[in-house]
DNA sequence: TGTTTATATGACTACCTGGTCACATGATGA
DNA sequence: TCATCATGTGACCAGGTAGTCATATAAACA
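Chains as they are written, first to last, in the working numbering: chain W, 4 to 228; chain C, 4 to 228.
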């Protein structure tokens with residue numbers, strides 16, 4: 004278990020005037036988003052900020068702590084935008100609506116915080132990120148933890164095909180959603196859907212089209228059409 | 004367009020005794036697979052090989068040329084294992100069988116050349132890979148280029164739902180297949196399917212289960228059940 | 001044999017990194 | 001005004017990188 008202390012900046016950083024603090028946070032997330040963890044250069048950050056190298060080490064213990072702090076900001080942002088399944092989400096006839104809601108939250112997140120999403124993608128695929136497994140799992144909303152129980156409940160009550168195992172349901176949704184969002188954010192992964200830098204309307208149309216297919220493939224037939 | 008020359012090692016390298024050449028190639032692909040492009044250390048490679056740094060630069064022009072050469076090896080391997088659509092692949096009632104064949108080729112590839120697959124994954128998600136867009140697109144077999152025309156033909160002749168656009172068909176297959184193979188090769192992406200390091204039988208069962216869902220969601224109904 | 005050509009070598013350069021630390025500056029309170 | 005404490009600084013360190021080059025060795029040919 005990661006000690007939360009690790010992600011904490013020193014008091015000095017918290018004492019900073021908010022304007023300056025935010026300016027530094029912005030520069031840090033930008034650097035990690037552009038370069039990933041290992042290649043991110045603190046020399047570069049301080050140069051661009053016009054502050055001294057030593058100052059950064061007055062604010063944080065080391066590079067790892069800086070990264071974890073930045074990633075923690077991302078995690079909070081995500082959680083504030085998606086949240087946990089609500090009471091309505093548990094109704095089996097609302098299953099696909101919930102999928103749509105979370106999916107859309109992902110699109111909005113990328114529109115609003117593209118740099119943080121880039122940070123996340125880098126963390127997802129770079130090796131030797133500090134505490135990768137844990138920080139990734141904290142934010143993997145589109146996975147077993149979120150949709151698993153919902154899918155199980157929906158399947159139990161006829162909202163999903165009984166012959167498709169829950170892990171397969173979750174896998175399909177996860178794969179489609181993840182890949183969709185990556186294509187939306189990273190053009191070179193976008194082979195045919197032409198989502199890259201697309202406007203929201205177009206993205207949502209693509210999303211609905213895909214959800215429709217998932218519904219056909221996974222849905223429980225006539226009961227909740 | 005990338006000049007093919009760039010990927011060519013110098014004549015000196017080709018003159019090497021095959022044993023030595025293969026030993027060097029192996030060390031190079033291992034390094035790039037483990038560390039990605041930027042972090043890969045040629046110092047480390049020569050140290051492990053017990054040869055001089057200068058020798059490497061007798062064989063190749065620079066790091067970029069080395070990487071492109073190694074990636075070219077990967078591309079050839081893939082192409083030799085999947086090939087192009089055969090005459091049988093074009094029969095619309097064979098569409099899902101073709102999907103299955105290519106998918107299975109992916110699994111076999113990972114089993115047989117895990118290091119090369121790791122190399123590919125790193126190239127896919129690292130930034131600032133030399134000529135990334137082009138070398139990636141050369142190997143994205145599970146995309147528009149391979150399945151697009153097949154899907155269009157199958158759709159035309161009733162093998163696929165007419166109300167699902169071809170790009171969406173390809174996207175779904177691509178997303179599921181890609182994610183499946185990544186999960187198969189990288190445990191931390193494997194949320195629920197428990198594919199990581201699974202035996203082939205289990206992997207194929209998972210694959211069939213997913214293809215069945217795709218068939219239900221995308222298939223043309225009764226005509227080719 | 002001697003001479004030319006191909007290959008192997010590793011010290012070296014220039015440049016980058018994260019991190020340190022003795023010191024300078026600013027603020028606060030007596 | 002002086003003393004204390006918080007904050008800011010940048011030269012410096014050890015260690016890493018890709019790439020170079022004069023020199024040594026080996027092979028091939030005369």
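Cβ atoms here follow ideal geometry from the backbone N, Cα and C, with glycine treated the same way. Since this is a predicted model, take the numbers as computed values, not measurements.
For residue i and chain W, any beta-carbon pair shorter than 8 Å?
| i | result |
| --- | --- |
| residue 196 of chain C | yes |
| residue 3 of chain C | Past the boundaries of the shown model lies residue 3 of chain C; chain C is included only from 4 to 228, so the question cannot be answered. |
| residue 175 of chain C | yes |
| residue 128 of chain C | yes |
| residue 227 of chain C | Its pLDDT being 38, under 50, residue 227 of chain C is placed unreliably by the model, and the measurement read from it follows with that caveat. Not closer than 8 Å to any Cβ of chain W, the Cβ of residue 227 of chain C fails to qualify, so no. |
For residue i, which residues in chain W fall below 8 Å Cβ to Cβ?
| i | result |
| --- | --- |
| residue 168 of chain C | 212 |
| residue 220 of chain C | 216, 217, 218, 219, 220, 221 |
| residue 181 of chain C | 178, 182 |
How far does the alpha helix (DSSP H) with residue i in it extend, from its first residue to its last?
| i | result |
| --- | --- |
| residue 47 of chain C | 45-52 |
| residue 202 of chain C | From DSSP, residue 202 of chain C is part of no alpha helix (DSSP H); its letter is neither H nor E. |
| residue 86 of chain W | Neither: residue 86 of chain W is in no alpha helix (DSSP H) and is coded neither H nor E. |
| residue 164 of chain W | Element bounds for residue 164 of chain W: n/a, residue is neither H nor E. |
| residue 139 of chain C | 135-140 |
| residue 30 of chain W | 21-42 |
| residue 61 of chain C | 56-62 |
| residue 127 of chain C | 117-128 |
Which residue wins for smallest C-alpha separation from residue i, given the options the options?
| i | options | result |
| --- | --- | --- |
| residue 171 of chain C | W/173, W/164, W/186 | W/186 |
| residue 97 of chain W | W/157, W/118, W/121 | W/157 |
| residue 18 of chain C | C/99, C/89, C/62 | C/62 |
| residue 92 of chain W | W/179, W/211, W/162, W/133 | W/162 |
| residue 214 of chain C | C/103, C/84, C/53 | C/103 |
| residue 138 of chain C | C/216, C/67, C/54, C/203 | C/67 |
| residue 203 of chain C | C/113, C/23, C/25, C/99 | C/113 |
| residue 211 of chain W | W/188, W/180, W/189 | W/180 |
| residue 116 of chain C | C/32, C/128, C/23 | C/32 |
Note down, in chain order, every chain W residue with its Cβ under 7 Å from the Cβ of residue i.
| i | result |
| --- | --- |
| residue 171 of chain C | 212, 213, 216 |
I need the straight-line Cα distance from residue i to residue j, nearest angstrom please.
| i | j | result |
| --- | --- | --- |
| residue 229 of chain C | residue 105 of chain W | Chain C is shown only over 4 to 228; residue 229 of chain C falls outside these bounds and no answer can be derived. |
| residue 259 of chain W | residue 51 of chain W | As shown, chain W starts at 4 and ends at 228. That puts residue 259 of chain W outside it, with no answer to give. |
| residue 69 of chain C | residue 101 of chain C | 35 Å |
| residue 133 of chain W | residue 75 of chain C | 32 Å |
| residue 216 of chain C | residue 88 of chain W | 25 Å |
| residue 57 of chain W | residue 64 of chain W | 11 Å |
| residue 206 of chain W | residue 198 of chain W | 6 Å |
| residue 44 of chain W | residue 130 of chain C | 15 Å |
Quick check on residue i - is its C-beta less than 8 Å from some C-beta in chain C?
| i | result |
| --- | --- |
| residue 70 of chain W | no |
| residue 41 of chain W | yes |
| residue 98 of chain W | no |
| residue 208 of chain W | no |
Can you find a heavy atom of the ligand NAD that lies under 7 Å from the Cβ of residue i?
| i | result |
| --- | --- |
| residue 89 of chain W | No copy of the ligand NAD occurs in the structure displayed, which carries no ligand at all. |
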